[in-house]
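Trainee: A single structure is presented below for examination.
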Amino acid sequence: MSKVRVRFAPSPTGGLHLGGVRTVLYNYLFARHHGGDFVLRIEDTDQSRFVEGAEEYIIQCLEWCGLIPDESPQKGGAYAPYRQSERKPMYGQYAQQLIDAGHAYYAFDTTEELEQMRVRYKSAENPSPQYDHTTRLHMRNSLSLSKDEVADLLEKKTPYVVRIKMPENETIKFHDLIRGVVNFDTNLVDDKVLLKSDGMPTYHLAVVVDDYLMKITHAFRGEEWLPSAPVHLLLWVYLGWDKDMPQWAHLPLILKPDGNGKLSKRDGDRLGFPVFAMDWNDARTGEVTTGFKERGFLPEAFINMLVMLGWNSGTEQELFSIEEMIEKFSIERVHKGGAKFDFEKAKWYNQQYILKKDNTELASLVMPFMEAKGVITTVDFLTKIVALIKERCHLLTDFWEQGHFFFATPEYNDLAPLTEKWNETKQSFFTKWVGQLSAITNWNHDALEANFNEHMQQAGLKKGDVLLPLRIMLVGGKFGPGVFDIAALIGKEETEKRVKIVLGKM
RNA sequence: GCCGCGUUGGUCAAGGGGUUAAGACGCCUCCCUUUCACGGAGGAAUCACGGGUUCGAUUCCCGUACGUGGUACCA
């Protein structure tokens with residue numbers, strides 16, 4: 359059996375959708391599992407949709423995810439070039455081969471003529487008429503025109519496209535790795551354009567030619583490609599390459615959490631979660647769309663969450679290292695049905711990885727998020743804080759929410775929980791306690807707690823009376839890790855300062 | 001409209017002719033902790049519908065419904 363070769367073939371038109379990353383993941387895992395190659399091919403045949411920077415962005419996303427291709431436009435490889443725009447000269451001959459064999463034909467119809475055809479044949483039973491065996495003889499193409507007319511049009515450099523001539527009354531059958539046998543009736547498939555008037559191939563021709571030339575053995579793509587699969591199957595046969603045709607797998611869609619339908623960037627904006635892997639800065643509109651990375655996800659967690667969206671190992675295991683995924687992944691265990699994206703579950707995955715992560719490493723990952731909030735600190739100090747608050751953080755951005763009081767004195771916007779149950783006893787207890795703090799020589803958690811308890815008992819108070827007030831004084835709210843841990847970390851002076859500030863407000 | 005694909009709790013899902021139909025997220029209760037969280041123990045909640053086949057269907061077959069994708073010189 360030949361070496362496994364798979365490919366991810368995005369078109370550089372915008373942000374990298376989480377469904378795209380999952381397709382990359384499944385390709386990558388499959389390739390690694392079988393000791394094969396993973397190729398990145400850029401499908402930029404539509405120059406009108408080309409977006410500046412999109413290709414570099416895709417590469418960066420793959421790097422962040424740790425899904426590095428073996429061959430790519432940047433890296434090169436034995437099958438270069440890996441950008442379809444740079445492969446343009448290669449497609450024409452195959453289109454010609456198809457024409458010569460009678461499996462494709464020239465079509466000279468203008469956009470307006472196509473539009474007229476659709477209007478003319480449109481009816482209640484047939485709302486979207488196709489360019490197919492029922493209509494092609496009524497159009498201007500090398501099937502309906504005489505040889506001389508065609509030669510003349512060609513001679514005059516009349517713009518044309520090349521269309522596949524779909525056969526009549528045939529059933530195209532193929533085996534999909536996920537869905538099993540799938541059938542299509544060729545009468546219902548239209549004569550897809552293979553070569554555009556600008557000489558560029560459409561996806562349909564390009565995907566077949568490139569998969570053949572690049573010796574792709576397994577082709578994984580989204581379910582939305584299933585209806586055009588018969589065109590691709592036929593092309594493999596007509597070009598005489600069917601012995602080398604890759605095995606197909608059409609991946610289920612990732613759906614929006616509410617309602618139905620494919621998950622789109624809009625849903626993310628609407629429901630408040632990212633859809634793209636990384637921030638996407640659209641050069642055309644100037645719009646910035648938040649990505650999972652910038653939202654505070656760890657790449658390992660992002661990948662783990664994605665692998666489980668449509669695949670499972672058949673066991674109860676949910677957390678997998680990339681090595682385990684490679685070992686256990688199999689395309690046959692991919693679900694047929696689409697999966698609704700659940701941001702809560704995504705956050706849970708991230709939390710699991712935060713909990714596992716070494717504190718020092720975690721601190722360096724959290725650092726940029728702190729700096730973005732204007733916090734200036736050292737990895738050393740941040741490591742201590744991260745250790746204390748990590749178990750209540752789902753995202754890297756949560757560390758600021760949960761720990762900002764370590765870096766700045768709280769603003770005490772809401773002291774109501776304190777004032778409600780405040781009294782003279784508490785006032786004098788805290789005044790007295792804060793007054794003797796300077797005498798404490800070993801400023802640490804245990805010593806502080808012992809000292810506090812001693813004063814508390816002398817004043818005839820209980821933990822329930824004074825612990826929460828102390829927390830609010832130090833933190834500014836009813837949250838955070840143990841109070842004495844906080845006091846130990848922020849230091850004696852800051853502790854004194856905060857207690858006095860609040861005492862002054864009571 | 002037509003064609004393709006799909007349908008197990010709110011979500012991700014295991015399973016597959018006879019089961020108390022796993023597990024996870026989320027939700028609820030309790031324990032731990034005098035905050036929150038982590039951790040622990042419980043709980044509510046599911047086989048879209050109708051026909052077959054069968055001693056027996058969630059599982060197999062056929063319909064229906066619903067959803068979704070496609071029906072471009074976009075991928």
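Heads up, the working numbering is the position in the first sequence plus 358, with the first residue counted as 1.
Quick reminder that beta carbons are idealized off the backbone N, C-alpha and C, glycines included.
Quantities reported herein were computed from a predicted structural model and do not represent experimental measurements.
(1) Which two residues bound the contiguous alpha helix (DSSP H) that contains N717?
(2) In the structure shown, what three-state DSSP assignment does K446 receive?
(3) May I ask you to report which of helix, strand or coil DSSP gives K903?
(4) Quick check: the Cα distance between K837 and F727, rounded to an integer number of angstroms?
(5) So for H533, helix, strand or coil by DSSP?
(6) In the DSSP assignment, the beta strand (DSSP E) including R365 goes from what residue to what residue?
(7) Is the stretch 627-638 touching the stretch 661-681, taking contact as three or more C-beta pairs under 8 Å?
(8) Across which residues does DSSP place W669 in a beta bridge pair?
(9) Count the other C-beta atoms from every protein chain shown that fall within 10 angstroms of the C-beta of V519, then say buried if there are 16 or more, exposed otherwise.
(10) So, helix, strand or coil for H491, using DSSP?
(11) For the putative contact between T777 and G580, defined by C-beta atoms under 8 Å, what is the C-beta separation to the nearest angstrom?
(12) What's the C-alpha gap between F366 and L398?
(13) Look at the alpha carbon of G393 and the alpha carbon of T755, and state the distance between them as a whole number of angstroms.
(14) When you compare only the Cα positions, how much space is there between T799 and L819?
(15) By DSSP, does R407 sit in helix, in strand, or in coil?
(16) Taking contact to mean at least 3 C-beta pairs separated by less than 8 Å, is the stretch 706-725 in contact with the stretch 737-753?
(17) Given T325, which residues of its chain have a CB within under 7 Å of its CB, disregarding the five upstream and five downstream residues?
(18) From which residue to which residue does the alpha helix (DSSP H) around W440 run?
(19) What's the gap between the Cα of W594 and the Cα of Q605?
(20) Between the stretch 481-491 and the stretch 422-435, can you find at least three pairs of beta-carbon atoms closer than 8 Å?
(21) Check K698 in the structure and name its three-state DSSP category.
(22) Using only alpha-carbon positions, find the residue among S481, E759 and I830 that is nearest to W780.
(23) Along the chain, where does the alpha helix (DSSP H) that runs through H391 open and close?
(24) Grouping DSSP H, G and I as helix and E and B as strand, with all else coil, what is E674?
Mentor: Short version:
(1) Numbered from its first residue, the first sequence carries residue 717 at position 359. Looking at the DSSP string, the run of the alpha helix (DSSP H) that includes N717 is N717 to A730.
(2) One-based indexing of the first sequence puts residue 446 at position 88. Here K446 sits in helix by DSSP.
(3) With the chain covering 359 to 864 only, the question about residue 903 has no answer from this structure.
(4) Position 479 of the first sequence holds residue 837. Position 369 of the first sequence holds residue 727. For the sequence presented, residue 837 should be read as Phe rather than Lys. Going by C-alpha positions, F837 is about 20 Å away from F727.
(5) Working through the first sequence from its first residue, we reach residue 533 at position 175. DSSP places H533 in strand when its eight states are reduced to three.
(6) Reading the first sequence from its first residue, position 7 is the one you call residue 365. Boundaries of the beta strand (DSSP E) harbouring R365: R363 to F366, taken from the DSSP string.
(7) no
(8) Residue mapping note: residue 669 aligns to position 311 of the first sequence, counting from 1. Answer is V692.
(9) The count along the first sequence starts at 1 and reaches residue 519 at position 161. Under this definition V519 is a buried residue.
(10) Your numbering for residue 491 matches position 133 in the first sequence. Reduced to three states, the DSSP call for H491 is coil.
(11) Position 419 of the first sequence, counting from 1, holds the residue named residue 777. Position 222 of the first sequence, counting from 1, holds the residue named residue 580. Their Cβ separation, rounded to whole angstroms, is 58 Å, which puts T777 and G580 out of contact at 8 Å.
(12) Within the first sequence, residue 366 is the residue found at index 8, counting from 1. Within the first sequence, residue 398 is the residue found at index 40, counting from 1. Going by the C-alpha atoms only, they are around 5 Å apart.
(13) Here residue 393 corresponds to residue number 35 of the first sequence, with the count starting at 1. Here residue 755 corresponds to residue number 397 of the first sequence, with the count starting at 1. Approximately 37 Å between the Cα atoms of the pair.
(14) Taking the first residue of the first sequence as 1, we reach residue 799 at position 441. Taking the first residue of the first sequence as 1, we reach residue 819 at position 461. So the two alpha carbons sit approximately 25 Å from each other.
(15) As a working note, residue 407 is residue 49 in the first sequence. Note: R407 maps to helix in three-state DSSP.
(16) yes
(17) Outside the modelled stretch of the chain, which goes from 359 to 864, sits residue 325, for which no answer is possible.
(18) Taking the first sequence and counting its residues from 1, the one referred to as residue 440 is at position 82. Per the sequence shown, residue 440 should be read as Tyr rather than Trp. No alpha helix (DSSP H) holds Y440; DSSP gives it neither H nor E.
(19) Numbered from 1 along the first sequence, position 236 holds the residue referred to as residue 594. Numbered from 1 along the first sequence, position 247 holds the residue referred to as residue 605. If you take the alpha carbons of W594 and Q605, they lie about 12 Å apart.
(20) Not touching, per the Cβ criterion.
(21) Counting from one through the first sequence, the residue named residue 698 turns up at place 340. It is a strand residue.
(22) One-based indexing of the first sequence puts residue 780 at position 422. Selected option, being the one with the closest Cα: I830.
(23) Position 33 of the first sequence, counted from the first residue, corresponds to residue 391. Here the alpha helix (DSSP H) through H391 covers L376 to H391.
(24) Within the first sequence, numbered from 1, the residue matching residue 674 stands at position 316. Reduced to three states, the DSSP call for E674 is coil.
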